[in-house]
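Residue numbers (the numbering used here): 228 to 490. Idealized CB from N, CA, C, for every residue including glycine. For clarity, every value in this text was computed on a predicted model and none was experimentally measured. So the structure is just underneath, and the comments pick up after that.
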Amino acid sequence: MRRSRKLRKIVKVTVPREVSKNIKSNITRSNSNQSEISKVTVPLKVNGEKRKFNNTPPNVKYSNVPKIWANETVYIIGGGPSLKGFNWNLLKGKKTIAINKAIQFYPNADVVYWTDGRFHDWFKDEISKFKGLKYTITPRENFIEGVSLLKRGIKFGLETATNALAHGNNSGYAAINLAIHLGAKKIILLGYDMSNSGKESHFHDGYKVNATSEKIYTTHFLPGFSVLKESIKGMNIKILNASSESKLKTFPIITIDEALSLR
């Protein structure tokens, strides 16, 4: 008796090399003799809001940070509640970097920096009116005039290339790298509380999203500062934290009065 044989038809498909190297197959294999191709449909709206797939504009041009503050003392203004009731006039004449919404309270800062691109969308008027330098690592399709885009560099540590910043998962971290690019040798951290006690998260009224949780500060933000401290060893750069309530213990803590007396 002659045994019957099943014949398999082999179809050869040629895929261009440049395509095959960069695109993952969405073919799922089962125990059957046929391959199934799954089609995935991505919703255009999530929770009623239009989904943004890519905010990166074409032909992105990155800027370089000029060393305009060689060997200077620079004050970086964070958003922690330790700055509640602060007399902003005390910063007059000092080199300052305002992070995010701090420019509403100290519009005379020399520099404004943000990482979260939503800040650009939410505070266009404030950014547009700001007379100082404007930096971010998050591109937008319709940047306000005068915004300098830098590369999103390594997560923790220090970027020495003047067109990139180590981001540390938060604006406060990246702003320190920016201050170093600008030439700072002594960096004073204001409002770097780096915590959320559940009462007040900022010295101002916050943003349109939930405040950063204590867990995020503990697991995602704080650990990177010790890496930064190691990265600046031997560079003759001193970082001081002027928030007595801060959970950031990596750098020496001083009072605001001590901070303002520094030159």
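Exposure of residue i, with buried meaning 16 or more beta-carbon neighbours within 10 Å
i, result
"methionine 462", "exposed"
"lysine 356", "exposed"
"aspartate 352", "exposed"
"lysine 442", "exposed"
"glycine 395", "buried"
"glycine 418", "buried"
"lysine 251", "Legend: pLDDT at lysine 251 = 45, less than 50; position of this residue unreliable, no value from coordinates given."
"glycine 307", "buried"
"lysine 358", "exposed"
"lysine 328", "buried"
Helix, strand or coil at residue i [DSSP, three-state]
i, result
"threonine 365", "coil"
"lysine 322", "strand"
"arginine 379", "strand"
"asparagine 291", "coil"
"isoleucine 371", "coil"
"tryptophan 296", "coil"
"alanine 329", "helix"
"alanine 402", "helix"
"alanine 391", "strand"
"asparagine 463", "coil"
"isoleucine 250", "Reliability fails at isoleucine 250, whose pLDDT of 43 lies under 50, so the model's placement of it is uncertain and the value that follows must be treated cautiously. Correct three-state label for isoleucine 250: coil."
"isoleucine 481", "coil"
"leucine 487", "helix"
"asparagine 468", "strand"
"lysine 188", "There is simply no residue 188 to check, as the chain begins at 228 and stops at 490 in what is shown."
"lysine 456", "helix"
"leucine 317", "helix"
"lysine 358", "coil"
"lysine 351", "helix"
"lysine 442", "helix"
Rounded straight-line distance, which links the Cα of residue j to that of residue i
i, j, result
"serine 471", "proline 479", "10 Å"
"glutamate 368", "threonine 323", "28 Å"
"alanine 388", "leucine 416", "23 Å"
"threonine 342", "threonine 363", "6 Å"
"lysine 382", "glycine 312", "33 Å"
"asparagine 291", "leucine 405", "10 Å"
"valine 454", "leucine 317", "32 Å"
"threonine 300", "leucine 467", "11 Å"
"tyrosine 400", "threonine 477", "12 Å"
"lysine 465", "isoleucine 330", "25 Å"
"lysine 378", "leucine 385", "13 Å"
"leucine 392", "serine 488", "29 Å"
"isoleucine 481", "aspartate 337", "23 Å"
"proline 334", "lysine 474", "27 Å"
"aspartate 484", "phenylalanine 332", "19 Å"
"asparagine 314", "asparagine 286", "43 Å"
"isoleucine 326", "phenylalanine 370", "18 Å"
"glutamate 372", "leucine 360", "11 Å"
"lysine 456", "tryptophan 349", "33 Å"
"valine 267", "lysine 288", "Since pLDDT at valine 267 reaches only 36, below the 50 mark, its modelled position is unreliable, and the value read off the structure follows with that caveat. Going by the C-alpha atoms only, they are around 34 Å apart."
"alanine 469", "histidine 347", "27 Å"
"valine 374", "lysine 460", "31 Å"
"glycine 320", "tyrosine 302", "11 Å"
"threonine 445", "isoleucine 354", "30 Å"
"glutamate 276", "leucine 310", "Only weak support exists for where glutamate 276 lies, its pLDDT of 41 falling under 50; the coordinates are left without a value."
"proline 450", "serine 458", "14 Å"
Residue closest to residue i, alpha-carbon to alpha-carbon, out of the options
i, options, result
"glycine 305", "Val374, Ala336, Asp420", "Asp420"
"arginine 345", "Val338, Gly451, Ala393, Thr365", "Thr365"
"histidine 447", "Ala469, Asn397, Arg490, Glu457", "Asn397"
"phenylalanine 452", "Ile403, Gly418, Phe350", "Ile403"
"isoleucine 414", "Gly380, Arg490, Val374, Leu376", "Arg490"
Check: residue i C-beta below 6 Å from any heavy atom of the ligand MG
i, result
"phenylalanine 346", "The model on display carries no ligand, and the ligand MG is accordingly not part of it."
CB contact below 7 Å: residue i versus chain B
i, result
"glycine 380", "No chain B appears in the structure shown, which is made up of a single protein chain."
### Meets three-Cβ-pair contact criterion under 8 Å: the region 295-315 and the region 398-418
At 8 Å Cβ cutoff, the stretches touch.
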